[in-house]
Each structure stands twice: as C-alpha cells, then as structure tokens.
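Step one of this worksheet: look at the structure below.
There are 2 protein chains.
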Amino acid sequence: MQIILLSGGSGTRLWPLSNDARSKQFLRILDNKEATGRESMVQRVMRQLRSSGIEADITVATSDSQKDSVIAQLGDSVDIVTEPSRRDTFPAICLACEYLSKQRNCKPDEIVVVMPCDPYTETEYFHVIKRMADGISENAADLIVMGIEPTYPSAKYGYVVPENGNCVDGIIPVHNFTEKPDVQTAGHLISEGALWNGGVFAFSLGYLTEIAAKYVDAPTFDEIRNRYKEFPKISFDYEVAEKEKNAGMVRYHGKWKDLGTWNTLTDELPTTEFGNVITDGSGENTHVFNELGIPLLCLGTKDLVIAASPDGIIVSEKSKSENVKTYAQQLKNRPMYEERRWGTYKVIDSITFPDGFCALTKQLTLNPGCSISYQRHEYRDEVWTFIDGEGEIIIDDQRRSIQRGETVTIPKGCKHALKAYTSLTFIEVQSGSNLVEEDIERFPLDW
Amino acid sequence: MQIILLSGGSGTRLWPLSNDARSKQFLRILDNKEATGRESMVQRVMRQLRSSGIEADITVATSDSQKDSVIAQLGDSVDIVTEPSRRDTFPAICLACEYLSKQRNCKPDEIVVVMPCDPYTETEYFHVIKRMADGISENAADLIVMGIEPTYPSAKYGYVVPENGNCVDGIIPVHNFTEKPDVQTAGHLISEGALWNGGVFAFSLGYLTEIAAKYVDAPTFDEIRNRYKEFPKISFDYEVAEKEKNAGMVRYHGKWKDLGTWNTLTDELPTTEFGNVITDGSGENTHVFNELGIPLLCLGTKDLVIAASPDGIIVSEKSKSENVKTYAQQLKNRPMYEERRWGTYKVIDSITFPDGFCALTKQLTLNPGCSISYQRHEYRDEVWTFIDGEGEIIIDDQRRSIQRGETVTIPKGCKHALKAYTSLTFIEVQSGSNLVEEDIERFPLDW
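So the sequence lines, in the order shown, correspond to chains P and F. Take any residue in the first sequence, note its place counting from 1, add 216, and you have its number in the numbering used here. Take any residue in the second sequence, note its place counting from 1, add 216, and you have its number in the numbering used here.
Encoded structure:
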C-alpha cells in the first residue's frame, strides 16, 4: 500500500506565521501528547499514520519551495515528489503515481491512498482509510472517497451524494459528486444525505496511471516530469471523481477540522501564548504568537489574534482574522523565515537605497553534519561572520576549517560551500544590485 | 534672560517607542503645522519658544544618556548641562544655574526661567512665561511660578494656593504650595482657588546660586559638577518653592497636557498610523506605531494602542495602557534604537549562546561629516560591512577611505575610528563574551 500525502497550499491565511516556504502545515504549534514538545500538522498526521497500524510507504507530493520544510520535519522516512510548477491536484497526483509506477516499480494493482496533510483528525480517521484501501483490494469500487459528516451547509466544500440502498462492508455507492455548491443547494444536499468530500481517495495504481497516460504517455518518470505542463490544470475531483461511474464512499464520524484559519487553529491549541509574550492577566480570548527576538506585551486584550514573525505583525479581531488572506497577498514578500533541509534562516534586516542597491542581513544556523551546496552568485557579495560552532568552508576550491570568531568575505563570482561539524551559526550580510534567491549557480561537490 | 529646559525622565511609560536613551520628549510624532514633517515634544517647545518673541539663551539640563538625542534634535543652538548622576530637580537646576554663573559668567541679576520640556501647550503659555520673567525684573516677588487652571482634583500634581486679594500686573501672591495631595484634599484646594503647579519657575540667577552655595560652594563649575552628589536628592518644589515666603504666581488658561502616557499622547496626534501600517478600515479608536522594517496589519481593532519598535511590541486596550510602566521596567534591556550625535543605530539581532558568548547585530548610519570617536574594545570583535556611502576609517593608526561594498574586521584590542563623507550606512556584527556599552576605551584624535 502506498500513501500519497498532498502538501501544498500557499501561506497567506495564517500570515505572518506562514509564508510561501512555510505553509500552515509546517507550523510547530500543536500539542503532541505522546511526546514532549510541539509538532506541526504534517508531523501530526505522520505520527497518526505510523501509530494507526497502516503499513504503507509514504510519498509526499509537494512543491519545490516546500521540499526543504518536508525534509526538515519528516526526515528520510518519506519519499518526496515535487511538481516542476504549481498546477492543481490532478497533475500533482498523476506525477506522484507515475513516480510510484516508473521510479519505484510499484505494480498496477498496488493500492494507493491520496490524502491531504492538514486536516486535524482523530484515530478513527485512519481506520476509515484502512477500510477504503481494503474496499479497493476487494474490488468494491474503482475509486473510494472519504465522506465527512457535514456540520453545516458550507459552500467551501465538495459534496458526495450517496446512492440509495446497498451499503456493503461500509462501502456506500456514490451517486454523484457536487463541487462547492451555494449554501442553499448545500442545505438541500445535506437533507438528502450528502456528505462532505474529505479529499481522501483510494484507488489502484493502474487505475490512475491509465488516466494519466491520456495526457502524458512516456516511458520514464523524468520524461513525464519534464512534460508536466501537458497535464491539465484541474482538480482531481473534477477530472477523476466526478467522471467515475463506479465510485464508493466510506463515512467518517469523528473530528475533522481544517486548521487553516486563525479562528479554527486557535481552537485546537494547547496554550494561548507562544514565544516571548507577557500579559497582564486581564485579557480574554486572545492568542499571541511571537517569533521575533523582542518581547511582546499585551494589556487587557480581548478577542484578538496577535502574531509577530520576521515576515510581519498582525493584530486582528478574531472574527475578522479570515480577511488576512486579502491583505497578505498584497504584503507578499520574500519569505523572511525558512526551515531548510540544512537548518534555518531568518532575515533580520533588509534595506534598499534610492539607487536600487540592497542589503539583506540574515541569521543562519546549519545543523550538525549538514551543508550548503557549492555555489556562486553573480550579483551579490556575501559576508559571513561565524558566531557559534565549528565547520568547514570551501572558497574557490580552497578548503579550510572555520569556527566562531571568524569572518569570511565572498565577493560576487566567488564559489563557496559550507559544512557544519557542530551546530554552526553565522550572520550573513548580502549586498548588491539584485538580491534574489534565483541568483545562484550550483557546482558538484563531494565533501 | 536665560531659559533652563529640563529634559529628564525615563522611557518606561511609552515603551516600546521610548527607552532609556529616547524618552517621550524625543519621539518625532507630533504634527508641525508650520513646517513639513513631524516633530518631537522637545522640538515643539523649542519652536514655540523661538516664535514667542522671548529673547533668551537656552540651556538644556539633561542626563548623559539623553545628551546625544538633544544634540541630534536641537543642534548647536542650545547649551547642554548634564548631571553626572540622576538625582532630582533641585540639584539639576542648581547645576544649570552654576553653569550659567561660573561658566557663562551670567550676572546675579540675570533672570532665569526653568521649565519642563514636555507639556503640550499653546502660544499663551509663552506669554505667561514672559510675564513671569518681567515680574522678577520688577521685583514683584523673589520666585514666580506658573499656575495651571485645574480641570479635575488630581493627586498627581502639586498645587499652588493663592493669597487672597492683591493681584498686581497678573502676579498673584502665593500663600503656600501643596505637593501631590490626596484626591479629597485636592478637591478642597481647588474649591479654595488653588491652581496646579506647572513646574515653570522664574527667579534671578543670584537667588538660586545663593541657595545652591549652602550645599556646594566652590569657585569653578567643574568643581561643583564633581561634587554633585553633595546636593540633596530633592525636588525644587520641596527645597525651594515651599520654603519661599515671597512667591508669586501667574495664571495660565490655555491647553496644558502631559503627553506622557499613551492615552494623553494619542489624543494630540495628527493621524492614527505611523510607519508601515495596513488596516482594513473597520477598526475604531486605534493608534498604531510601527518602527520595525516589517509590515503591521490591523483587522477590526478597537480601542487599542499598538506600538512596535526594535525594543519590543505592545498591544494594549487604551484604558489599560498606563500599566505599561509596571511591565516595561521588567522588560528593561539595552536600548535597541538610539539617536546619537553622529547618527542613528538600531539593534537588528541579538543572540546569546549557552556558554555565554553573545552576538549583537546593528544597522548604523553616520550622518555626513559626523564621526565615531577613536576607540578600542577589550571583550568584543566587530565586523563592519559598508552598504552605502563613503567615508574614512582609521584602524590602528592606519587611515584609509572606505565605501559601499567593503568589509572591515576589528578584533578585540584594535583601535578604530570612522568618519562619514556622505551618509554612511553599515552593518555591524559584535561578538564576544561581554557585549556592554561600557567596554570602550577612547583615544584623542584629530580628523
């Protein structure tokens, strides 16, 4: 059995804690009762999967910008397939299935479950997934979807309308799918027994690769990935589910929450204060997140969400916090904080002069044993001042050890790489006429 | 005529915009209708003095920590006398008067007006000051105080109780002074015609130097300053005003506000948003100040004061904002932003490792023509990366020009100085076992 975990989404609804590189599913703010410390949504779903007894390989389908976050949070225990460009769920699932088929040599009768990484759910959710997979191996249907008991007539979700009658072993035949109806239609659908479409699908690998081959038919995974743009930009629901005549559904009764907004998220948090926060005790119903290195003081705050990160600060009345999306898109900027495969960085200062020259100052930490690739920039100088740890640096093919107290200047055009022996922290000052992540040329290197 | 402007106070009540180096009177947030741009309280009172027609030299009595702010905001047009240590208003006024007498050779019959730098007032206030000074030169009294029409029985102010009867040329004889009574007594005093003590006093220079000599009697100003601790730690009101039998008062009728709390300050501000602030337009009665380089988004905020600076962030219900003082004292830290005589700096990052080693990163700007003294540190290395402008640097007696794109490392024990030709901006990374402002040894230098 193969599980494809969809990790996508942009980082606007929980701005400024989330950004393009750190979508909501990577925020380490949920309580992990089984361990000490906090976990993110993606870590929670992985932990739940592992402890559910489901035996499956896990492949995360994600974007290039989120790949490092996935590695940093899930380690080597998962495979990762990245889309060359953002399209929609149908192409993303095709790509992951082709990876399983052509790269991992999975058989056409291998059972695949596709699931989102962000709903906040309970153990029963994973029992339902197991039932769905079993349904496919028993040939109960060609495609099985998870149906969520609706709690209100939402226009945000898709609906699954069951066929009347014959439910066998928990598999209910599907009459049809209805994507995001208006509220009135939603109410009508619910009264007729429709459930929310939970975005969890089970099918056999061959089922999907056959559909994928209608758009891109090629012998190797690399070729399919190179021709990714030939897949239509469409959701799995429209392209596959709605067209399927032999679809089934398994009901899920337990908790199912999209923690994608400040309001829904704060309902599930273990405490009301995260980071360096001081309150006077007279506040009510206020959640405060502070990721900055300076204190945040709250006096008498009521019904607020307050969040501060290197990307920005929000102070929002809870009922208005959904509107952050509108504004966060305007505020879109380079991510000021990122969790990378090699460690973390945060932007601590950014300044642009009237003539267009820019300077960007970062604090970076490389995890022990990790390294930054051998690279060269065309438009910027960098200055690294090492303030903690020990490591090794390569500058224009010259290798030497490096430690706290040393400063290295890296002019434009100079090749450089860095490896940490111990946790290695340094301040980087970038300066130049064009400071973009894309100004990078990489070279092969064996440490 | 001599004016002594008292500029003291700590920076806790408007935290985080104010700090030890930048008291409330230096915040550039008031509207200056006579010019473009914003002005601070101390700039406002100076502008009002200049345009009132009062012909006087001005001496600012302040602390060492505020001296650079005074120079940065008022320039060379004022004299500055700094207390060697913080005591109270009586010693501070004595020191300033001794400066006028012994350093500036003012005569004993020179008229002196002492005034605070922070009340928010109107033109009439300065007419009253003129009347007070004239009253001294006419020998109407030995000490003349400004009386403010009380608006409520406050326990925060001192009261001036007038003698019944004979007011000559606006000078009312004073019966007695009562410092900070309880609210009930305050109400009683007001019903009997008492006024608030505005902290503005007029007297002849000889009057005060005679009182000062009772504590410190020395031939030179330097000697008096060196013996500053021999002055009692007491207010001018207790030590001088309350003991004076021949005191007079002039009434002031106009606006007189202490803008020392968030509530009183925000009432007088020209706009509700300062800095990079975005709002959704649904907020009410909210003032937002953002001095950080990142955006601050407000959605549906109501009755709040929000302020963010390199020192910290406050989100406070307006009615609770007076409590900031209690917390700001706990949060006391090194100032993260300062306006110095040579320019400005802000701390952009601060990190302490488990072994006690620290790193502090600053963005600094030297104003054109300004310089940083020739200095040496015992416990810290510094790395300067120049990102804008041109200047000259001296490293261990070696002088050379410096410009954008250059990096200079300054190990512990290395002497260094810097001068700006044009506005010169650089990133400084300090690192070492002990990062305190006191780790500095200065050397003489002629540019």
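Heads up, the beta-carbon is just placed ideally off N, CA and C, and yes, glycines get one too. What you are looking at is a predicted structure, and each value in this text was computed from that prediction instead of being measured.
Whole-angstrom distance between residue j and residue i, CA atom to CA atom
i	j	result
F:Glu622	P:Cys514	42 Å
P:Gln218	P:Leu316	8 Å
F:Ile327	F:Ser420	5 Å
P:Ile609	P:Ala633	6 Å
F:Leu265	F:Pro332	12 Å
P:Glu255	P:Ser587	25 Å
F:Leu290	P:Val563	35 Å
P:Ile387	P:Gly476	29 Å
F:Arg238	F:Thr502	23 Å
P:Gly374	P:Glu460	15 Å
F:Thr480	F:Arg229	11 Å
CB contact flag (residue i, residue j, <7 Å)
i	j	result
P:Val432	P:Arg441	no
F:Ala636	F:Leu582	yes
P:Pro551	P:Asp280	no
P:Ile656	P:Gln579	no
F:Gly516	P:Lys536	yes
F:Val361	F:Phe417	yes
P:Arg347	P:Val466	yes
F:Pro511	F:Asn492	yes
F:Tyr200	F:Ser649	Not covered by the structure: residue 200 of chain F. The range shown for chain F is 217 to 663.
F:Ala272	F:Ala312	no
P:Pro369	P:Ile406	yes
F:Asp358	F:Tyr423	yes
F:Asp604	F:Thr641	yes
P:Ile220	P:Val330	yes
The beta strand (DSSP E) enclosing residue i, as first and last residue numbers
i	result
F:Val376	Tyr375 to Pro378
P:Tyr561	Gly559 to Thr568
P:Met465	Ala463 to Tyr468
F:Gln614	Gln614 to Gln619
P:Thr641	Leu640 to Gly648
F:Arg528	Sequence inspection shows Gly at residue 528 of chain F; the Arg mentioned does not correspond to that position. Run containing F:Gly528: Gly528 to Glu533, per the beta strand (DSSP E) assignment.
F:Trp472	Trp472 to Asp474
F:Val297	Asp295 to Glu299
F:Lys518	Segment: none, F:Lys518 is in no beta strand (DSSP E) and carries neither H nor E.
F:Pro389	Ile388 to Thr394
P:Tyr431	Note, P:Tyr431: premise wrong, no beta strand (DSSP E); not H, not E.
P:Tyr553	Tyr553 to Arg556
F:Ile626	Thr623 to Ile626
F:Gln241	Neither: F:Gln241 is in no beta strand (DSSP E) and is coded neither H nor E.
Cβ-based burial, residue i [other Cβ within 10 Å; buried from 16]
i	result
P:Gln400	exposed
P:His469	exposed
F:Asp597	buried
F:Trp160	Residue 160 of chain F cannot be examined here, being either before or after the span of chain F that is shown, 217 to 663.
P:Thr339	exposed
P:Pro435	exposed
P:Thr747	The structure shown does not extend to residue 747 of chain P, since chain P is modelled only from 217 to 663, so the question has no answer here.
F:Lys249	exposed
F:Glu455	buried
Where residue i falls: helix, strand or coil (DSSP)
i	result
P:His503	strand
P:Cys383	coil
P:Arg596	strand
P:Cys310	helix
F:Asp350	helix
P:Asn479	helix
P:Gly403	helix
P:Met331	strand
P:Met362	strand
F:Ala457	helix
F:Phe659	strand
P:Tyr590	strand
F:Leu512	strand
P:Ile345	helix
Residue i: first and last residue of the uninterrupted alpha helix (DSSP H) it sits in
i	result
F:Arg546	According to the sequence as given, residue 546 of chain F is Gln; it is not Arg. Looking at the DSSP string, the run of the alpha helix (DSSP H) that includes F:Gln546 is Val540 to Gln546.
F:Ala288	Asp280 to Leu290
P:Gly422	Leu421 to Ala428
F:Ile440	Phe437 to Asn442
F:Arg266	Met257 to Ser267
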